[in-house]
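Undergrad: Mind having a look at this structure? Questions to follow.
Residue numbers (the numbering used here), protein chains in the order written: chain U, 1186 to 1535; chain X, 1186 to 1535; chain F, 1186 to 1535; chain R, 1186 to 1535.
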């Protein structure tokens, strides 16, 4: 009953197997090997156009360098108030784009409100050296709170970006979970809706460590090579990333693991809805469930081996969480089993 | 016949196997899992004292963050003119310690000359805001050119560091190769000789990606946690590093692979010495061989499948390389076979 | 009728005169001259204890380097949402402390609300590498909106700082205006109430360019010398700053100019209160007046030569500014005359 | 007898007078006033084409931001080994272009040797992420050792820059001294010979504090506004700089002061040449004299009130300075008098 985070899981057996299988033999270093090239091409097939692909070590690196590509002195990037780049990256986005700033935008359930975004960007619209200037907008798909931007939501955000001449970044640490939730293609969820650059995460969805920056503007992409190296993010034996992605994409493993994780969240949501001591904070749309639970019941479940953590109550739930209750987050992954969830349901039923 | 670099090899079978074996199950993220803790302790046993261990993504990160721990405004670190931090890291050390500088020190065969180092540090000895001030000394063990600092060499460098109140960093991307070359213990090669912080590399010696900063001053080490996270170097599923190190240390695999790599270099050196068209640039002491070879012969060998690259002629060989010759570098690894070397020898014999 | 900003004024005649008088002769550069030393000592007399004084080029530099002294990786400084460091410095504080962030705190009339501050700092209270960690609190005295923190207000902020082990910075771009408004001594307004470091501004109060960092912790102050030089903020002919401060302090010129500026704001406030087309946004406490004025009347006044700008309506005035009205800012200085204000009053009576 | 540095002098009476005269009245801040505009235009007349002009606080800032305009990740700028940017700026150029590096180039008497420069740049010529890539070349005019690049020297350096697609920066902290030494126009010494951006210094030549970046590529220049503000280098009362430049250019005061300073160096050189205890290190070409003097004689002169400092013996003088001798630097300025020099001559004869 490990619901703490999808990064508590290890690697999917087919990822592990493929990695082992590629351990022998020699290959050019720094991402110039044959397997590397094959994987870059595979990304192109998946996105239905030529793309530039850059492996990096962490999701934080993917986000930070994506924004760095578009960085300018005095630059400000906009993201949801609860976005990972704003809340959980220790200033790495600002550090890797020196002097840049992040501006929080409000919005219900982890999605930036389009009007709030427009207003936020609008505050800085002119080239004003005192206030600084907008350089990028970032949205998280799926969001930090387990919801998903619909295609039209993305288009609406993109329209703001275009109006202000700004690039649009997608933090896709849980890209696959959103993709299967919407049941659309990667192209539809990204460049066809105005996304310019993607942090494409495989780690949370069954890889050990597989994060890539995917970029559609090939000219601009060249700078990433230098940004990455000077940030100490260039793997020498890059094929250990390629091997993971190779298995990840083979036979649509990535969609399978994401569907499984989402299904487990749906199952968990049903369990919670049927509990007398718990209710959903909001409807889960990917692989995270947020539930308001009687504290005593939650403590008991934790004492019985269920691992999950509490979460700050967002403005949208203000006044809806009683004193004896708290909000908790549950994350499911490729490794979550129906059995675990059912056992947790039994704990909740007491 | 892949002698291009030790990072062209993949992973040792026992590393790959251990990684696969650890893929199942759940574990706390960000290096707080049980396997992680066990591996940190293992480092302590290996170094014969309590140490602080921080996994990072690359050797460049290990070097850069090691120097960042000791960084100060106006800070200058000293290393050999051909050191990786100076020649091959795209300014990452300077970028991750903003405003810092690296000062090249001369010395024969990749080792800093102690007098040159003393003179170099001495130029900046006072607290002078115009020139800046020394903050660290870094030595590479084994060096970029396949030689090794003897224990007394390290002590001599350390004496300079102590005299100026400077910490001493060891770039140990090829730590094991030096260790088995000297046939000493990790403690003897590091803190017992005045080393304060080590970039401990496993990648080149049989891992996929296993780099750690090892630090002996536990108080000071706390800062690395923040430096690492803001540099986007904190792995979420850190156990994929721990699993590699676990196998690396088990049954002294790391010493075995390093001994093999060094032995292969010795064999290659013998092959070269016996060739009519080649001779050694200098005696190899670890797993790299530098040879002066007739260009035509080298080209032929390359055309026949041997992979190796030319190298800039250092000052110490000035005038000794004829017009029809060039200097080439060969790197051996755990994956190099005696057969490869013998086949290469035959190519050289023509 | 120049009310755009106190930096539209030039220099007070006694400042200009003193500067001219010091133009001849030779003096050690970089702040080591006799006049420089005398002025540093004068600062000590004014603050009633030994202080470290560092001249810098701009108020932005004074603020940024003050925070940089206390910077740590992952560091977050707290200031009022409308503070200059957050709104008007183009990311300089973040740039000069690489990777640092500023966290906006709400509060009425430009003063941080103590509970909001406590809550904001409390969000980051533990040593959490993901969220980052608090490193400093900054308050602006007088505030961006012409109000002043009372001594007890400063103590209350300082109590939060002490509770969390944080240093407390005062952005004193308008230090003198606050000082004469409170009618207290510099010591009482700073270190006796828990302030650790001050951006001491002379420019807005009658100097050409005279900004200093004043620090009470002399040990820690040593770092500023390097921070300043690497930020390209070390003047060679520093005596041109010293000469300005020398005249500024002589015969309490600085208090005289600040009193005059404040009195002019009071006179302006009276003029506005007596106008049928204008009213005060809030009571001015230093040298800035914020008034809600009928737009047509404001336009006419501007067309007749009055220079002043509109200002974003803060939350505290929400709903109180009619469609035909706007909020405007007026800044008075040593150079403002009663006659100007009376002429402006006539325009408003129009 | 103050020969320590040209920044030990104060301000020329006409500069001081003009500054005083401009102290009254109101003017737009941040360099948007009428006097500011007039001065920008004056720069255009002086350079015989439209130029972008940005005032900054120090020569270090002018150099650092000039290089920052052309900065790229992994960027390397080339300058003479003894250049101010390399030796005397505490890493400010690297700090204000995060992650950038400076590469020292050898050359006799302060001038980069063209072949050494070509070789240095050539080492990095390809787009190699490991080594980094060249981004700019910087030359100092007049040089740190009182010599001057002839127009053809500049053309030769510029040819290297063009060949490698690099911009060419001139550190003109002593621009005027070089200009009158060559007896050419500012246009001839800069853009007509391939200079792209100039650190135009007035401080050492009679101003209090007057440093400007002058740029010929007006499109590219826009970025400086943001670079400057985020580096805390934007003066609010910028007219105090404009007033200095206004007087500096009026009636060719700047050429007059530079000619005087150079003439004083020539006079000092003659004094030294005629001394039995001193001789020139090399022929002075601007306002600095380097002399080899008997230490005892030098000490006596210093004890009698002459202020000058010793200087590291460059490679070009190796073996030419006896044990009882040392190399000393003397700098003359607008404020140096013939009488001072003659008195110093008597001391040397003494």
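Just so it is clear, CB atoms sit at the ideal spot from N, CA and C, and this is done for glycine as well.
Between which two residues does the alpha helix (DSSP H) holding residue 1420/U run?
TA: Note, residue 1420/U: premise wrong, no alpha helix (DSSP H); not H, not E.
Undergrad: Which residue comes first and which comes last in the beta strand (DSSP E) that contains residue 1294/F?
TA: No beta strand (DSSP E) contains residue 1294/F, which DSSP labels as neither H nor E.
Undergrad: Closer than 8 Å, CB to CB, is residue 1425/F near chain R or not?
TA: Yes, because at least one Cβ of chain R sits closer than 8 Å to the Cβ of residue 1425/F.
Undergrad: Just list the residues that DSSP pairs residue 1261/F with in beta bridges.
TA: Answer is 1286/F, 1319/F.
Undergrad: Can you name the residues of chain F whose CB is closer than 9 Å to the CB of residue 1315/X?
TA: Residues of chain F passing the Cβ test: 1215, 1414, 1419.
Undergrad: Kindly indicate which three-state DSSP category residue 1400/R falls into: helix, strand or coil?
TA: Strand at residue 1400/R.
Undergrad: What residues match up with residue 1456/X in a beta bridge as DSSP calls it?
TA: In the DSSP output, where bridge partners are listed per residue, residue 1456/X has none listed.
Undergrad: Please name the residue in 1186/R, 1254/R, 1193/R whose C-alpha comes closest to that of residue 1390/R.
TA: Checked all of 1186/R, 1254/R, 1193/R; the closest Cα to residue 1390/R is 1193/R.
Undergrad: So with CB distances below 7 Å, who are the chain R contacts of residue 1283/U?
TA: Ordered by position in chain R, the residues that pass the 7 Å Cβ test against residue 1283/U are 1283.
Undergrad: Taking Cβ-Cβ distances shorter than 7 Å, what residues in chain X pair up with residue 1410/F?
TA: Chain X residues near residue 1410/F: 1314.
Undergrad: Return helix, strand or coil for residue 1272/F, following the three-state DSSP convention.
TA: Reduced to three states, the DSSP call for residue 1272/F is helix.
Undergrad: Any beta carbon from chain R within less than 8 Å of residue 1257/U's own beta carbon?
TA: Taking Cβ atoms only, chain R reaches closer than 8 Å to residue 1257/U, which makes this a yes.
Undergrad: So who's on the other strand from residue 1382/F, going by DSSP bridges?
TA: Note: residue 1382/F sits in a beta bridge opposite 1354/F, 1400/F.
Undergrad: Terminal residues of the continuous beta strand (DSSP E) containing residue 1513/R?
TA: Its beta strand (DSSP E) spans residues 1510-1516.
Undergrad: What number of angstroms, rounded off, separates the C-alpha of residue 1210/R from the C-alpha of residue 1196/F?
TA: Roughly 9 Å between the two C-alpha positions.
Undergrad: What first and last residue would you give for the beta strand (DSSP E) that runs through residue 1473/R?
TA: First-last of the beta strand (DSSP E) with residue 1473/R: 1473-1479.
Undergrad: For the segment 1509-1517 of chain X against the segment 1477-1493 of chain X, do three or more pairs of beta-carbon atoms, one drawn from each stretch, fall closer than 8 Å, so that the two count as touching?
TA: At 8 Å Cβ cutoff, the stretches touch.
Undergrad: Looking only at its chain, what residues have a beta carbon closer than 7 Å to the beta carbon of residue 1454/R, apart from the 5 residues adjacent to it on each side?
TA: Excluding residues within five positions, the ones whose Cβ falls inside 7 Å are 1465, 1469, 1474.
Undergrad: Nearest-angstrom Cα distance between residue 1407/X and residue 1239/X?
TA: In a straight line, the C-alpha of residue 1407/X is about 10 Å away from that of residue 1239/X.
Undergrad: Tell me, please, whether the segment 1373-1390 of chain U touches the segment 1340-1360 of chain U by the rule of three or more beta-carbon pairs shorter than 8 Å.
TA: The answer is yes - the segment 1340-1360 of chain U touches the segment 1373-1390 of chain U, with three or more Cβ pairs under 8 Å.
Undergrad: Out of curiosity, what's the CA-to-CA distance linking residue 1204/R and residue 1201/F?
TA: So the two alpha carbons sit approximately 7 Å from each other.
Undergrad: So, at 6 Å on beta carbons, what are the nonlocal neighbours of residue 1322/X in its own chain, with the 5 sequence-adjacent residues on each side left out?
TA: Excluding positions up to five away in sequence, the list reads 1263, 1346, 1351, 1353.
Undergrad: In angstroms with no decimal places, state the Cα-to-Cα distance between residue 1429/R and residue 1299/R.
TA: Near 36 Å, if we compare the C-alpha coordinates of residue 1299/R and residue 1429/R.
Undergrad: If I'm right that residue 1378/X touches residue 1340/X with Cβ under 8 Å, what's the distance once you round it to whole angstroms?
TA: About 5 Å separates the two Cβ atoms, so the contact holds.
Undergrad: I need the straight-line Cα distance from residue 1186/X to residue 1418/X, nearest angstrom please.
TA: Residue 1186/X and residue 1418/X: Cα-Cα distance of roughly 34 Å.
Undergrad: What are the boundary residues of the alpha helix (DSSP H) that includes residue 1203/X?
TA: Run containing residue 1203/X: 1198-1206, per the alpha helix (DSSP H) assignment.
Undergrad: Compare the C-alpha of residue 1410/X against each of 1515/X, 1218/X, 1250/X, 1261/X and name the closest.
TA: Per the Cα distances, 1250/X.
Undergrad: Quick test of your reading: residue 1301/X and residue 1290/X, contact by CB under 8 Å. State the CB separation rounded to the nearest angstrom.
TA: Right, the Cβ-Cβ distance comes to about 5 Å (below 8 Å), so this counts as a contact.
Undergrad: Taking the C-alpha atoms as reference points, what is the distance between residue 1335/X and residue 1278/X?
TA: Roughly 26 Å between the two C-alpha positions.
Undergrad: Taking the C-alpha atoms as reference points, what is the distance between residue 1483/X and residue 1265/R?
TA: C-alpha separation (whole angstroms): 38 Å.
Undergrad: Using 7 Å as the cut-off, classify the Cβ of residue 1415/F as near or not near the heavy atoms of the ligand ATP, replying yes or no.
TA: Annotation note on the ligand ATP: not contained in the displayed structure, which lists no ligands.
Undergrad: When burial is assigned at 16 or more other CB atoms within 10 Å of the CB, is residue 1269/U buried or exposed?
TA: Label assigned to residue 1269/U: buried.
Undergrad: So what's residue 1442/U in DSSP terms, helix, strand or just coil?
TA: Here residue 1442/U sits in helix by DSSP.
Undergrad: Taking the Cβ atom as the reference point for each residue, do residue 1438/X and residue 1491/X lie within a distance shorter than 8 Å?
TA: Going by C-beta atoms, residue 1438/X is not nearer than 8 Å to residue 1491/X.
Undergrad: Where do the ends of the alpha helix (DSSP H) carrying residue 1306/X lie?
TA: That run of the alpha helix (DSSP H) goes 1299-1307.
Undergrad: Bridge partners of residue 1465/U, per DSSP?
TA: Paired residues: 1476/U.
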